[in-house]
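In the numbering used here, the protein residues as written are 16 to 277. Taking it in order: structure first as structure tokens, then the write-up.
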Amino acid sequence: MGVLNVTPDSFSDGGRFLSPADAIAHGRSLAAEGAAIVDVGGESTRPGAAQVGVDEELGRVAPVLEGLAGIPISIDTSKAVVAQRALELGAEMVNDVTALRGDPEMAGIVAEHDAYVCLMHMQGEPRSMQTAPQYDDVVSEVFGFLEERLAAAVESGIREERICVDPGIGFGKTPDQNLELVRRLDAIVALGRPVVVGLSRKSTLGKVLGTAAATPGTMPASLGAAVAAFERGAWMLRAHDVRETVEALAVAAAVERGKVTA
Numbered sequence: 016m017g018v019l020n021v022t023p024d025s026f027s028d029g030g031r032f033l034s035p036a037d038a039i040a041h042g043r044s045l046a047a048e049g050a051a052i053v054d055v056g057g058e059s060t061r062p063g064a065a066q067v068g069v070d071e072e073l074g075r076v077a078p079v080l081e082g083l084a085g086i087p088i089s090i091d092t093s094k095a096v097v098a099q100r101a102l103e104l105g106a107e108m109v110n111d112v113t114a115l116r117g118d119p120e121m122a123g124i125v126a127e128h129d130a131y132v133c134l135m136h137m138q139g140e141p142r143s144m145q146t147a148p149q150y151d152d153v154v155s156e157v158f159g160f161l162e163e164r165l166a167a168a169v170e171s172g173i174r175e176e177r178i179c180v181d182p183g184i185g186f187g188k189t190p191d192q193n194l195e196l197v198r199r200l201d202a203i204v205a206l207g208r209p210v211v212v213g214l215s216r217k218s219t220l221g222k223v224l225g226t227a228a229a230t231p232g233t234m235p236a237s238l239g240a241a242v243a244a245f246e247r248g249a250w251m252l253r254a255h256d257v258r259e260t261v262e263a264l265a266v267a268a269a270v271e272r273g274k275v276t277a
């Protein structure tokens with residue numbers, strides 16, 4: 016899943032693709048580099064991020080979605096109006112960091128369009144989620160949350176086979192909790208739905224490398240994290256550096272099957 020942030024303030028690439036022309040060109044590049052789907056977002060969800068109004072978010076993403084016609088697209092939004100328009104413009108998946116809790120109309124929109132949806136765990140909300148997150152057992156609590164949201168989505172009319180889940184690395188978790196979620200990812204995989212993992216460039220990776228005040232992690236650290244998640248059952252990796260991630264995962268997959276070709 017290639018990351019395309021059409022925002023001025025995302026933690027890694029904020030402002031780089033705010034121009035629709037630049038965003039469209041980058042989205043096409045991500046697809047050419049091997050992204051199975053391009054995740055377009057018009058509102059930053061980094062820690063401390065400010066909320067964006069519906070009109071502004073739509074104004075950012077709609078021209079980009081139009082320009083990416085023909086490429087598989089996920090819309091990264093928690094607003095039903097934005098999701099509705101994105102699906103009308105050809106998006107196939109709604110990537111909702113609130114797991115359908117942020118907008119009461121969202122589940123109905125997804126069900127109406129028979130779209131795919133990714134349900135993510137987040138403790139708190141973006142502006143405050145990194146303020147002393149607390150868990151007794153982060154893995155079991157994330158599992159329980161995703162199990163409940165999966166049931167709620169199905170009850171709302173979304174077909175179970177259209178649903179994937181995301182443990183929400185960096186969304187209301189300490190670095191150690193993030194690493195524990197990856198270490199025990201098989202417990203989340205046991206939920207029975209495809210698991211999406213987003214570790215790319217996250218600050219936990221910089222902290223592992225010894226930079227206590229790290230904001231973005233490095234690309235090599237991101238590749239190591241992607242392979243670790245893949246080996247523990249991740250179905251899709253959300254990545255900024257698509258070509259490099261595709262190559263790293265191709266080698267990891269070849270090792271797993273013990274031969275060059277599938």
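Built from N, CA and C at the ideal position, the CB exists for glycine as well.
Distance check for A114 and D91, CA to CA, integer angstroms please.
The residue you call residue 91 lines up with position 76 of the sequence shown. The residue you call residue 114 lines up with position 99 of the sequence shown. Rounded to the nearest angstrom, the gap between the Cα atoms of D91 and A114 is 11 Å.
According to DSSP, what are the bridge partners of V211?
Numbered from its first residue, the sequence shown carries residue 211 at position 196. Answer is M251.
Proximal residues to K188 (C-beta, below 6 Å), its chain only, five neighbours per side dropped
The count along the sequence shown starts at 1 and reaches residue 188 at position 173. The residues P148, in chain order, have a CB closer than 6 Å to that of K188 in the same chain once the five nearest residues on each side in sequence are set aside.
Same chain, Cβ closer than 6 Å to G232, five either side skipped, listed in chain order:
Locating residue 232 in the sequence shown gives position 217, where the first residue counts as 1. Here the set comprises R216, K217, L220, G221.
Along the chain, where does the beta strand (DSSP E) that runs through G56 open and close?
Looking up residue 56 in the sequence shown gives position 41. First-last of the beta strand (DSSP E) with G56: 53–56.
Segment limits, beta strand (DSSP E) that includes G159
Indexing the sequence shown from 1 puts residue 159 at position 144. Under the DSSP assignment, G159 falls outside any beta strand (DSSP E), being part of the alpha helix (DSSP H) whose first and last residues are 153–170.
According to DSSP, residues forming a beta bridge with S89:
Within the sequence shown, residue 89 is the residue found at index 74, counting from 1. Residue pairing of S89 in beta bridges, as defined by DSSP: D54, M108.
With DSSP as the reference, label M16 as helix, strand or coil.
Along the sequence shown, one-based indexing puts residue 16 at 1. DSSP places M16 in coil when its eight states are reduced to three.
Taking the continuous beta strand (DSSP E) assigned at I178, which residues delimit it?
Taking the first residue of the sequence shown as 1, we reach residue 178 at position 163. Where I178 is concerned, the enclosing beta strand (DSSP E) stretches over 178–181.
Quick check: what's the CA-CA separation for F245 versus I178?
As a working mapping, residue 245 is identified with position 230 in the sequence shown. As a working mapping, residue 178 is identified with position 163 in the sequence shown. Approximately 19 Å, taken between the alpha carbons.
Using the C-alpha atoms, what's the distance from V76 back to A205?
On the sequence shown, residue 205 is found 190 positions in, with the first residue counted as 1. On the sequence shown, residue 76 is found 61 positions in, with the first residue counted as 1. A205 and V76: Cα-Cα distance of roughly 34 Å.
If you follow the beta strand (DSSP E) that V132 is in, where does it begin and where does it stop?
Position 117 of the sequence shown, counted from the start, is the residue given in the question as residue 132. Note, V132: beta strand (DSSP E), 131–135.
Inter-residue Cα distance where the pair is V180 and V53
Locating residue 180 in the sequence shown gives position 165, where the first residue counts as 1. Locating residue 53 in the sequence shown gives position 38, where the first residue counts as 1. Going from the Cα of V180 to the Cα of V53 covers about 17 Å.
N-terminal and C-terminal residue of the alpha helix (DSSP H) that T219 is part of:
Locating residue 219 in the sequence shown gives position 204, counting from the first residue. 218–223 is the extent of the alpha helix (DSSP H) around T219.
Does the separation of the CB atoms of G17 and A50 fall below 7 Å?
For this step, residue 17 is matched to residue 2 along the sequence shown. For this step, residue 50 is matched to residue 35 along the sequence shown. It is a contact, given that the beta carbons lie within the stated cut-off.
Touching or not, the region 169–178 and the region 121–131, by the rule of three or more beta carbon pairs under 8 Å?
Yes, the region 169–178 touches the region 121–131.
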